[in-house]
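Q: In the UniProt record's numbering, the protein residues as written are 1 to 489.
We put the beta carbon where it would ideally sit given N, CA and C, even for glycine.
Mind looking over this structure? Questions follow.
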């Protein structure tokens, strides 16, 4: 681990930056000098689960399980008849002013690790523990599932696949013959997709190994049901594979960017109805047939309206190796991750590189939480890293995967939770306030593990993931399936 990295709970240096008012050195907090009991006050934001706020003396070697029993006892009392009412709780302990972390050790060990001697009474916030995700549906594909996007407005899934197709899926349909509403095909495997709403309707864009991206208009019948997809734009200009796309969240779906192995990011204006002829490059005939009319189509190729970085790979001009991932922030900035181990921030209006975060590993995935202003990245060294762009030299580490972490995604709608997936066949749910995952589930079944011929090792890799809402996670794998996981109380 590099000396610029830190773990939000496990590394004491991350939580001992407070300056003491006293000029005298404070004695180290150790297991030997820590008191056997401490005074605790419990608080919660759920009024229905509020217990007394009076201080209680408790053993300092209690873990979250013991604390959960105490809270349940205070809520429901003793007796076998009340045990069925018990629910598990998680506990947030303050380790720094305004900073809290989930308790994953005993109280005593927590304060020793954080080198914070507890005050006369410590306040602990408790929340009901989140249940583990359970697989409730499996949607077969014909090849590896490379990407997943969810549109909450239409309650529709979009999946990218190595069989060259993007599928539009009704996730609530129980009829296997009807759940795929439409398909769209690239000449080569689909890398990533993005969906958005513009003034001309719902569309999705797809990035491919054919060096192009395409923009497709979603077609609907008279009953407003999706029944097709029509390619309206071919985005040409990259010299190598297009790896990722992102839509400007502040432009009503009218602008998107693409990232490529050619070390550049290109900016495009979405024109589904071809109202802006100055953007056209050339017309391209295709032998592919749209889903609604069996006639040869003429597609329009479009020029980019801007380029960030250069194909030369000069260090001062941007990325020196291929760009693997990209995301568009609200305030006119784009963040990109690369094989050159860096995360770079770009000013789109001025087409300038504004900052660079240097890491130690390839960046395979990048996601931005606009509310918390935090960036998560996934890496082949089995780690997820979290960065604050305002403190670019420091990364918090989330360590649990046993193989390459392929993708990391924040929960849609903000909050503190995110999900990750990787080559270890694992889907993990995290909270940034804990260094350990809340839950870990296997994408492929135990039967698949045994068939691999290697004990406890899966031959499958989870390539894509989406945390759609508070209770739904989708994952896509090299086992050629899309799985729906539900989190229910």
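Once you ignore the five residues that flank residue 479 on each side, which residues in its own chain have a CB closer than 8 Å to its CB?
A: Working through the chain shown from its first residue, we reach residue 479 at position 479. The residues are 443, 444, 448 and 460.
Q: Quick one, are the C-beta atoms of residue 433 and residue 416 less than 7 Å apart?
A: Here the question's residue 433 lines up with position 433 in the chain shown. Here the question's residue 416 lines up with position 416 in the chain shown. Yes; because the gap between Cβ atoms is below 7 Å, this pair is in contact.
Q: Within 10 angstroms of its Cβ, does residue 233 collect 16 or more other Cβ (buried), or is it exposed?
A: Here residue 233 refers to the residue found at position 233 of the chain shown. Buried, since its Cβ has 16 or more Cβ neighbours within 10 Å.
Q: Measuring straight from C-alpha to C-alpha, what distance separates residue 290 and residue 336?
A: Taking the first residue of the chain shown as 1, we reach residue 290 at position 290. Taking the first residue of the chain shown as 1, we reach residue 336 at position 336. Bear in mind that the predicted position of residue 290 carries a pLDDT of just 47, short of 50, making it too unreliable to give a figure here.
Q: Measure how close the beta-carbons of residue 41 and residue 114 come, nearest whole angstrom, since I'm counting them as under 8 Å.
A: Within the chain shown, the letter at position 41 stands for residue 41. Within the chain shown, the letter at position 114 stands for residue 114. Actually they are not in contact, since the Cβ atoms of residue 41 and residue 114 sit about 19 Å apart, beyond 8 Å.
Q: Nearest-angstrom Cα distance between residue 106 and residue 61?
A: Against the chain shown, residue 106 aligns to sequence position 106. Against the chain shown, residue 61 aligns to sequence position 61. Approximately 5 Å, taken between the alpha carbons.
Q: Which term fits residue 491, buried or exposed, when burial requires 16 or more other beta carbons within 10 angstroms of its beta carbon?
A: Lying outside 1 to 489, the shown extent of the chain, residue 491 is not represented and no answer is given.
Q: When the distance is taken between beta carbons, is residue 419 closer than 7 Å to residue 467?
A: Counted from its first residue, the chain shown places residue 467 at position 467. Counted from its first residue, the chain shown places residue 419 at position 419. Cβ atoms of residue 467 and residue 419: closer than 7 Å.
Q: Which residue from 407, 250 and 306 puts its Cα closest to that of residue 236?
A: On the chain shown, position 236 is the one that residue 236 refers to. The candidate whose alpha carbon is nearest that of residue 236 is 306.
Q: Excluding five sequence neighbours on each side, which residues of the same chain lie with their C-beta closer than 7 Å to the C-beta of residue 378?
A: As a first step, residue 378 must be located in the chain shown, where it is residue number 378. Taken in chain order, the residues that qualify are 364, 365, 384, 405, 406, 407, 408 and 420.
Q: Taking 8 Å as the limit between beta carbons, can you name the residues of its chain near residue 182, skipping five residues before and five after?
A: Position 182 of the chain shown, counted from the start, is the residue given in the question as residue 182. Excluding residues within five positions, the ones whose Cβ falls inside 8 Å are 167, 168, 218, 219, 226, 227, 228, 229 and 291.
Q: Take residue 249 as the anchor and find which of 314, 327 and 108 has the nearest alpha-carbon.
A: Taking the chain shown and counting its residues from 1, the one referred to as residue 249 is at position 249. Closest option to residue 249, Cα to Cα, is 327.
Q: Considering only their Cβ atoms, is the gap separating residue 126 from residue 71 smaller than 7 Å?
A: The residue you call residue 71 lines up with position 71 of the chain shown. The residue you call residue 126 lines up with position 126 of the chain shown. Yes, Cβ-Cβ distance for residue 71 and residue 126 is below 7 Å.
Q: Taking just the CA atoms, how far does residue 39 sit from residue 57?
A: Looking up residue 57 in the chain shown gives position 57. Looking up residue 39 in the chain shown gives position 39. Spanning the two alpha carbons is a distance of roughly 4 Å.
Q: What's the C-alpha gap between residue 350 and residue 257?
A: Position 350 of the chain shown, counted from the first residue, corresponds to residue 350. Position 257 of the chain shown, counted from the first residue, corresponds to residue 257. Residue 350 and residue 257: Cα-Cα distance of roughly 15 Å.
Q: Check whether the Cβ atoms of residue 401 and residue 422 sit closer than 7 Å, and answer yes or no.
A: Here residue 401 corresponds to residue number 401 of the chain shown, with the count starting at 1. Here residue 422 corresponds to residue number 422 of the chain shown, with the count starting at 1. Yes, the Cβ-Cβ distance between residue 401 and residue 422 is below 7 Å.
Q: Can you tell which of 330, 463 and 317 has its C-alpha closest to the C-alpha of residue 352?
A: On the chain shown, position 352 is the one that residue 352 refers to. Out of 330, 463 and 317, 317 has the C-alpha closest to the C-alpha of residue 352.
Q: Cα separation between residue 333 and residue 137?
A: Taking the first residue of the chain shown as position 1, residue 333 is located at position 333. Taking the first residue of the chain shown as position 1, residue 137 is located at position 137. Cα to Cα, residue 333 sits roughly 38 Å from residue 137.
Q: Considering only the alpha carbon of each residue, which of 325, 324 and 278 lies closest to residue 304?
A: Taking the first residue of the chain shown as position 1, residue 304 is located at position 304. For the residues 325, 324 and 278, the minimum Cα distance to residue 304 belongs to 278.
Q: Going by the DSSP bridge assignment, what does residue 144 pair with across the sheet?
A: Within the chain shown, residue 144 is the residue found at index 144, counting from 1. Its beta-bridge partners do not exist; DSSP assigns none.
Q: First and last residue of the beta strand (DSSP E) that includes residue 96?
A: Residue numbering aside, residue 96 sits at position 96 when the chain shown is read from its first letter. First-last of the beta strand (DSSP E) with residue 96: 89-96.
Q: Assuming residue 165 and residue 149 are in contact, meaning their beta carbons sit under 8 Å apart, how far apart are those beta carbons, in whole angstroms?
A: Locating residue 165 in the chain shown gives position 165, where the first residue counts as 1. Locating residue 149 in the chain shown gives position 149, where the first residue counts as 1. Residue 165 to residue 149, Cβ: 14 Å. No contact.
Q: Run the CB neighbour count on residue 294, radius 10 Å, all protein chains shown included, and call it buried at 16 or more, exposed below.
A: As a working mapping, residue 294 is identified with position 294 in the chain shown. With a pLDDT of 43 at residue 294, under the threshold of 50, the modelled position of this residue cannot be trusted; read the value that follows with caution. Exposed, because fewer than 16 other Cβ atoms sit within 10 Å of the Cβ of residue 294.
Q: I think residue 260 touches residue 343, with their Cβ atoms under 8 Å apart; what is that distance to the nearest whole Å?
A: Here residue 260 refers to the residue found at position 260 of the chain shown. Here residue 343 refers to the residue found at position 343 of the chain shown. With 8 Å as the limit, residue 260 and residue 343 do not qualify as a contact, their Cβ atoms being about 17 Å apart.
Q: Relative to the C-alpha of residue 193, which residue among 231, 187 and 244 is closest?
A: As a first step, residue 193 is located in the chain shown; it is residue number 193 there, counting from the start. The shortest C-alpha separation from residue 193 is found at 244.
Q: What's the gap between the Cα of residue 360 and the Cα of residue 145?
A: Working through the chain shown from its first residue, we reach residue 360 at position 360. Working through the chain shown from its first residue, we reach residue 145 at position 145. Straight-line Cα distance between these residues: approximately 28 Å.
Q: Do you know offhand how far residue 487's Cα is from residue 429's?
A: Counted from its first residue, the chain shown places residue 487 at position 487. Counted from its first residue, the chain shown places residue 429 at position 429. Their Cα atoms are separated by approximately 11 Å.
Q: Helix, strand or coil, according to DSSP, for residue 384 in the structure here?
A: Taking the first residue of the chain shown as 1, we reach residue 384 at position 384. Here residue 384 sits in strand by DSSP.
Q: What first and last residue would you give for the beta strand (DSSP E) that runs through residue 376?
A: On the chain shown, position 376 is the one that residue 376 refers to. Its beta strand (DSSP E) spans residues 374-378.
Q: Based on DSSP bridge pairs, tell me the residues matched to residue 431.
A: Reading the chain shown from its first residue, position 431 is the one you call residue 431. In DSSP, residue 431 forms a bridge with 417.
Q: In terms of residue numbering, what span does the alpha helix (DSSP H) encompassing residue 69 cover?
A: Mapped onto the chain shown, residue 69 falls at position 69. Start and end: 64-76.
Q: Quick check on the burial criterion: 16 or more other C-beta atoms within 10 angstroms. Buried or exposed for residue 22?
A: Taking the chain shown and counting its residues from 1, the one referred to as residue 22 is at position 22. With a pLDDT of only 37 at residue 22, under 50, the local geometry of the prediction cannot be trusted, and no value is derived from it.
Q: Going by other Cβ atoms of all chains shown within 10 Å of its Cβ, with 16 needed for buried, is residue 239 buried or exposed?
A: As a first step, residue 239 is located in the chain shown; it is residue number 239 there, counting from the start. Flag for residue 239 reads exposed.
Q: Is the distance from the Cβ of residue 158 to the Cβ of residue 195 below 7 Å?
A: In the chain shown, residue 158 corresponds to position 158, counting from 1. In the chain shown, residue 195 corresponds to position 195, counting from 1. Contact flag set, yes.
Q: State the CB to CB distance for the pair residue 34 and residue 68, rounded to an integer number of angstroms; the pair is presumed to be in contact (CB under 8 Å).
A: Position 34 of the chain shown, counting from 1, holds the residue named residue 34. Position 68 of the chain shown, counting from 1, holds the residue named residue 68. Not really, about 22 Å apart at Cβ, beyond 8 Å.
Q: For residue 266, report the span of its alpha helix (DSSP H) as first-last.
A: Numbered from its first residue, the chain shown carries residue 266 at position 266. Not the alpha helix (DSSP H): residue 266 falls in the beta strand (DSSP E), residues 265-269.
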